[in-house]
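Reading through the structure tokens given below for one structure.
Protein chains: 2
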Amino acid sequence: MTVTYEFPRPNLAVDCVVFGLDEEDLKILLIQRAIPPFEGRWALPGGFVQIDETLEEAALRELREETGMQDLFLEQLYTFGAVGRDPRERVVSVAYYALVNLGDHEIEAATDARNAAWFSVDDLPQLAFDHTEIVQTALKRLKGKVIYEPVGFELLPRKFTLTQLQRMYEKILERPIDKRNFRKKILGMGLLQELDEVQVDVSHRAARLYRFDEKKYRRLRQRGFNFEI
Amino acid sequence: MTVTYEFPRPNLAVDCVVFGLDEEDLKILLIQRAIPPFEGRWALPGGFVQIDETLEEAALRELREETGMQDLFLEQLYTFGAVGRDPRERVVSVAYYALVNLGDHEIEAATDARNAAWFSVDDLPQLAFDHTEIVQTALKRLKGKVIYEPVGFELLPRKFTLTQLQRMYEKILERPIDKRNFRKKILGMGLLQELDEVQVDVSHRAARLYRFDEKKYRRLRQRGFNFEI
DNA sequence: TTGACTTGGTGTCTGTTTTACACTATCATA
DNA sequence: TATGATAGTGTAAAACAGACACCAAGTCAA
Chain W
1 MTVTYEFPRP NLAVDCVVFG LDEEDLKILL IQRAIPPFEG RWALPGGFVQ
51 IDETLEEAAL RELREETGMQ DLFLEQLYTF GAVGRDPRER VVSVAYYALV
101 NLGDHEIEAA TDARNAAWFS VDDLPQLAFD HTEIVQTALK RLKGKVIYEP
151 VGFELLPRKF TLTQLQRMYE KILERPIDKR NFRKKILGMG LLQELDEVQV
201 DVSHRAARLY RFDEKKYRRL RQRGFNFEI
Chain S
1001 MTVTYEFPRP NLAVDCVVFG LDEEDLKILL IQRAIPPFEG RWALPGGFVQ
1051 IDETLEEAAL RELREETGMQ DLFLEQLYTF GAVGRDPRER VVSVAYYALV
1101 NLGDHEIEAA TDARNAAWFS VDDLPQLAFD HTEIVQTALK RLKGKVIYEP
1151 VGFELLPRKF TLTQLQRMYE KILERPIDKR NFRKKILGMG LLQELDEVQV
1201 DVSHRAARLY RFDEKKYRRL RQRGFNFEI
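Quick mapping for you: the protein sequence lines, in order, are chains W and S.
Letter 49 of the first sequence, counting from 1, is numbered 49 in my numbering, and no numbers are missing.
One rule links them: number in my numbering = place in the second sequence (from 1) + 1000.
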């Protein structure tokens, strides 16, 4: 099955920057390419957009096919259209990004991918295509976004401690935050629900657990509340 | 000359939201379509991306061809990829936006456009395709951006009064701003160069003229200075 | 069982920023 | 020379941001 057009068209692709967080680092999900070009090289999960699916559908499909990941919230990042970014032919790629909790998702390599794995953002391998630039753009955007929207909760497990939350902000913003000021501010926003539970299996005083109260968030957001950190 | 591909491909387009400002209103540049679909309907300037040009080059070319506008700074806005957004066939469109001073640019309708004209953003005609959605997205972005970057100067003539500057912020942000606080803040940033000139031909006390000092802006920006309004 | 270690949890003070607010100055024109 | 239009200016109060240090609770090992 082939198609004929009057003028040549760029091929249209999507790429996904999926962020995760563990105790150590902010991480990104990469796949190892099983086919040329850049066979064997690590790359962002992604692929070509089919004629009858939206861009976001394409991104979700490729993520599922290549990494087994499902049900995540994608946000559009930027569209990369440099003429030589793919050595085969003209490819324009719409990049998306997502935040996930590492524990919630089992990854599994599949179609077109030899392997899928998490890499610390400050220790990435050499990437295929212009994917290093895409990752840089995503990091910048995440950093910019986390300041004025409580967006990072998706990186944490549903129940978390204030210290975990603070570490997350410190990792994304790449600067230390004062513990007392942070707690004052974040509790003052009224977005956290204090639970009657504490950490278990820790070899020191157990910290209280909290969870993100999405209802309160939506209420406050509607009123134009300011979530700056 | 035709081309044949193994799989169908979306057609790739660009669209431009060009903002301008006059004494009355924030405006947007529209063209009246000379060809179907939506013949005669007003639409954003834009068109298909050629195989050997970048997205931004395509946007600049279309602007020049359709409106005569040249030499403007485009910033990528968002990529619109809904499946039925163009009635003819699948078209994915990368939207750009720009700010210009109305006085600096003569517009002239050309290729594919019957006419080109400025429309007040709160009195737009019915637009072709999903262009109303694109305009809404651009307005939201402009509003978000103007708060933390001194971006609006491009909307004003090179020499302007503080009142003109304040009116611009009020029009974009859609809220009144206190005159004294505004002046304190904006002068405190050190981005404005006070000129030895005042308005002429006004039937009241003439206001001092200022201009935007791009050098100072770049210096401050490098140091991570905060330009919040 | 006690002491050392680890992380949790808390309040105050100070300087800065933001906001609210009203009158005089200058110029043109009638 | 009076009127009308816009320019230009300062202060006080409140809110916010940032710096800073110690005790509490639990685990573990001697």
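From the three backbone atoms N, C-alpha and C, an ideal C-beta is built for every residue, glycine too.
Every value quoted in this text rests on a predicted model; they were computed, and no experiment measured them.
Shown in chain order are the members of the region 1057-1083 of chain S whose Cβ falls below 7 Å from a Cβ of chain W: Gln1076, Tyr1078, Thr1079, Gly1081, Ala1082 and Val1083. Sixteen is the threshold: when 16 or more other Cβ atoms of the shown chains lie within 10 Å of the Cβ of W/Ser93, as they do, the residue is buried. Using beta-carbon distances, W/Thr4 counts as an interface residue toward chain S, with a partner under 7 Å. Look at W/Pro8: its C-beta is under 7 Å from a C-beta on chain S. 7 Å or more divides the Cβ of W/Val151 from the Cβ of W/Ile172. Annotated three-state conformation of S/Val1092 is strand, per DSSP. Residue contact check for S/Leu1209 against chain W: no CB pair falls below 7 Å. Burial state of S/Lys1027 is buried, judged by a 10 Å Cβ sphere holding 16 or more other Cβ atoms. By the rule that beta-carbons nearer than 7 Å mark a contact, W/Val100 does not touch chain S. Assignment of S/Leu1063 by DSSP, reduced to helix, strand and coil, places it in the helix class.
In the three-state reduction of the DSSP assignment, S/Asn1101 falls in the coil class, being assigned neither a helical nor a strand state. Distances from the alpha-carbon of S/Glu1089 to those of W/Ala82, W/Ala113 and W/Glu53 put W/Glu53 closest.
Listed as beta-bridge partners of W/Ser120 by DSSP are W/Lys27. With a cut-off of 8 Å on Cβ pairs, the region 59-70 of chain W is in contact with the region 113-123 of chain W, counting three or more such pairs. Among the residues of chain S, those whose CB is under 8 Å from the CB of W/Leu55 are Thr1079, Gly1081 and Val1092, following chain order.
Comparing C-alpha distances from W/Glu57 to each of W/Pro37, W/Ala13, W/Leu21 and W/Trp42 shows the shortest one belongs to W/Ala13. Residue range Val3 to Tyr5 is occupied by the beta strand (DSSP E) that includes W/Val3.
In the three-state reduction of the DSSP assignment, W/Asn226 falls in the coil class.
Under the three-pair Cβ rule at 8 Å, the region 1205-1212 of chain S counts as touching the region 1183-1194 of chain S. The three-state reading of DSSP puts S/Gln1076 in strand, counting E and B together. Counting only residues of its own chain and dropping the five nearest sequence neighbours on each side, W/Glu75 has a CB closer than 8 Å to the CB of Tyr96, Tyr97 and Ala98. Nearest Cα to W/Thr163 within the set W/Val17, W/Thr132, W/Lys143 and W/Gln199: W/Gln199. Secondary-structure assignment with DSSP links S/Asn1115 through a beta bridge to S/Gln1032. For S/Phe1212, the enclosing beta strand (DSSP E) has its first and last residue at Arg1208 to Phe1212. No Cβ-Cβ contact shorter than 7 Å links S/Pro1045 with S/Asn1101.
DSSP places S/Gln1193 inside the beta strand (DSSP E), whose first and last residues are Leu1192 to Val1198. Cβ contact annotation for S/Ile1177 (same chain, cutoff 7 Å, sequence separation greater than five): Gln1166, Tyr1169 and Glu1170, in chain order.
When beta bridges are read from the DSSP output, S/Val1018 appears opposite S/Ala1098.
Under the Cβ criterion of 7 Å, S/Leu1191 is not counted among the residues facing chain W. Take S/Ala1043, set aside five residues on each side of it, and the residues of its chain with a beta-carbon closer than 7 Å to its own are Leu1030, Ile1031, Arg1033, Leu1127, Ala1128, Phe1129 and His1131, in chain order.
The beta carbon of S/Leu1139 does not come within 7 Å of any beta carbon belonging to chain W, so the residue lies off that interface.
Counting the other Cβ atoms within 10 Å of the Cβ of W/Val202 gives fewer than 16, which makes it exposed. Looking at the backbone, the Cα of S/Gly1020 and that of W/Ile35 are separated by about 48 Å. Listed by position along chain S, the residues whose Cβ is nearer than 8 Å to that of W/Asp122 form an empty set, because the closest Cβ is around 20 Å away.
Taking all protein chains in view, the Cβ of W/Arg9 is crowded by 16 or more other Cβ atoms within 10 Å, so the residue is classified as buried.
Minimum Cα-Cα distance from W/Ile51 among the listed residues S/Gly1103, S/Phe1073, S/Val1083 and S/Gly1040 corresponds to S/Val1083.
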